[in-house]
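In the numbering used here, the protein residues as written are 335 to 515.
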Amino acid sequence: MKRALLVIDVQNEYFTGKLPVTYPSDSYGNILKVVDTANDKNIPVILIQHTSPGENAVTFKKGSSEWDIHPDLLLRKYNYIVEKYLPGSFTNTNLESVLKELDIDTVTITGYMTQMCCDTTARQAMHMGYSVEFLSDATGTLQFSNNAGTISAEDLHKAILVTQAARFSKVLSSDEWLKNL
């Protein structure tokens with residue numbers, strides 16, 4: 335097994351911007367822990383950075399402080415930064431070629447938001463033939479409301495983990511993942 339750690343959209347928008355991640359409360363600390371361990375074990379770390387297209391972007395506007403990757407993460411070693419414009423990290427990016435260049439067969443999903451970019455990327459990876467690990471406490475989300483209803487951050491997160499475990503990914507806690515390295 336040759337894995338890469340995908341750190342999806344750990345950008346200031348989720349800390350100081352319009353979309354503060356609230357659940358699980360320790361997700362960011364767990365992300366840093368798995369990045370540090372990946373670096374210690376020579377597992378490639380690939381940062382994914384979301385950009386909203388257009389001059390009038392409300393969130394993830396390129397060049398804004400909210401668009402920036404969280405500064406603590408940038409202090410750590412990483413192999414690549416992949417910029418994306420849609421929820422799936424493979425869509426119109428060079429992620430697949432990077433993974434092929436590194437001879438990766440397994441991707442580990444961390445980052446934000448559980449139900450959007452993490453879920454979409456995990457599904458894409460599985461469809462492309464990769465084994466997928468989805469870290470339950472190193473992904474996160476917030477309460478969500480739209481015309482279909484309202485769901486708590488905890489329930490939304492849990493629903494995605496249950497769905498991922500049913501077909502797409504091996505869902506693990508950070509500690510379980512670390513023990514398996």
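Glycine included, every Cβ here is placed at the ideal spot set by N, Cα and C.
Keep in mind that this is a model prediction, so the values were computed, not measured.
Which of the three DSSP states is assigned to T393 in this structure?
For the purposes of this step, residue 393 is taken as residue 59 along the sequence shown, with counting starting at 1. If DSSP states are grouped into helix, strand and coil, T393 belongs with coil.
Taking contact to mean at least 3 C-beta pairs separated by less than 8 Å, is the segment 393-412 in contact with the segment 445-461?
no
Going by other Cβ atoms of all chains shown within 10 Å of its Cβ, with 16 needed for buried, is T475 buried or exposed?
For the purposes of this step, residue 475 is identified with residue 141 of the sequence shown, where counting begins at 1. Residue burial is scored here from C-beta neighbours: T475 has at least 16 other C-beta atoms within 10 angstroms and is therefore classed as buried.
Tell me whether P378 is buried or exposed, calling it buried when 16 or more other Cβ atoms sit within 10 Å of its Cβ.
Along the sequence shown, one-based indexing puts residue 378 at 44. By the 10 Å Cβ count, P378 comes out buried.
Within 10 angstroms of the Cβ of N364, are there 16 or more other Cβ atoms? Answer buried if so, exposed if not.
Indexing the sequence shown from 1 puts residue 364 at position 30. By the beta-carbon neighbour count (other beta carbons within 10 angstroms, threshold 16), N364 is buried.
Excluding the 5 residues preceding and the 5 following L506 in the sequence, name in chain order all residues of the same chain whose CB lies nearer than 8 Å to its CB.
For this step, residue 506 is matched to residue 172 along the sequence shown. These residues qualify, in order along the chain: E467, F468, L469, S470, N514.
Please confirm whether T393 and L353 have their CB atoms less than 8 Å apart.
The sequence position of residue 393 within the sequence shown is 59, counting from 1. The sequence position of residue 353 within the sequence shown is 19, counting from 1. Yes, the pair counts as a contact, with Cβ atoms nearer than the cut-off.
Please look up how many angstroms separate the CB atoms of H404 and Q345, rounded, as I've assumed it's under 8 Å.
Against the sequence shown, residue 404 aligns to sequence position 70. Against the sequence shown, residue 345 aligns to sequence position 11. Right, the Cβ-Cβ distance comes to about 7 Å (below 8 Å), so this counts as a contact.
Tell me the rounded alpha-carbon separation between N481 and D453.
Locating residue 481 in the sequence shown gives position 147, counting from the first residue. Locating residue 453 in the sequence shown gives position 119, counting from the first residue. For N481 and D453, the distance between alpha carbons rounds to 21 Å.
Rounded to the nearest angstrom, what separates D343 and A372 at their Cα positions?
As a working note, residue 343 is residue 9 in the sequence shown. As a working note, residue 372 is residue 38 in the sequence shown. Between D343 and A372, the C-alpha separation is close to 18 Å.
Give me, in chain order, the residues of the same chain whose beta-carbon lies closer than 7 Å to that of L436; leave out the 5 immediate sequence neighbours on both sides.
Locating residue 436 in the sequence shown gives position 102, counting from the first residue. Cβ-Cβ distances below 7 Å link L436 to A338, P378 in the same chain, with the five nearest sequence neighbours on each side left out; the list follows chain order.
Since E417 and Q383 are thought to touch, with beta carbons under 8 Å apart, how far apart are those beta carbons, to the nearest angstrom?
On the sequence shown, position 83 is the one that residue 417 refers to. On the sequence shown, position 49 is the one that residue 383 refers to. E417 to Q383, Cβ: 5 Å. Contact.
Buried or exposed: which applies to P516, given that a residue is buried once 16 or more other Cβ atoms fall within 10 Å of its Cβ?
Since the displayed the chain opens at 335 and closes at 515, residue 516 lies outside it and no answer follows.
Establish whether the CB of L407 and some CB of chain D are separated by less than 8 Å.
This model lacks chain D altogether; it includes just one protein chain.
Straight-line CA distance for V368 to T385?
Within the sequence shown, numbered from 1, the residue matching residue 368 stands at position 34. Within the sequence shown, numbered from 1, the residue matching residue 385 stands at position 51. Cα to Cα, V368 sits roughly 24 Å from T385.
Closer than 8 Å by C-beta to V341: which residues in its own chain qualify, once you throw out the five before and the five after it? Chain order, please.
Working through the sequence shown from its first residue, we reach residue 341 at position 7. These residues qualify, in order along the chain: I365, V369, V379, I380, L381, I382, L407, Y412, T444, G445.
Under a three-way DSSP split, which group does R337 fall into?
Taking the first residue of the sequence shown as 1, we reach residue 337 at position 3. Three-state result, R337: strand.
For I438, tell me which candidate among E510, M462, D509 has the shortest Cα-Cα distance.
As a working note, residue 438 is residue 104 in the sequence shown. Nearest of E510, M462, D509 to I438, Cα basis: M462.
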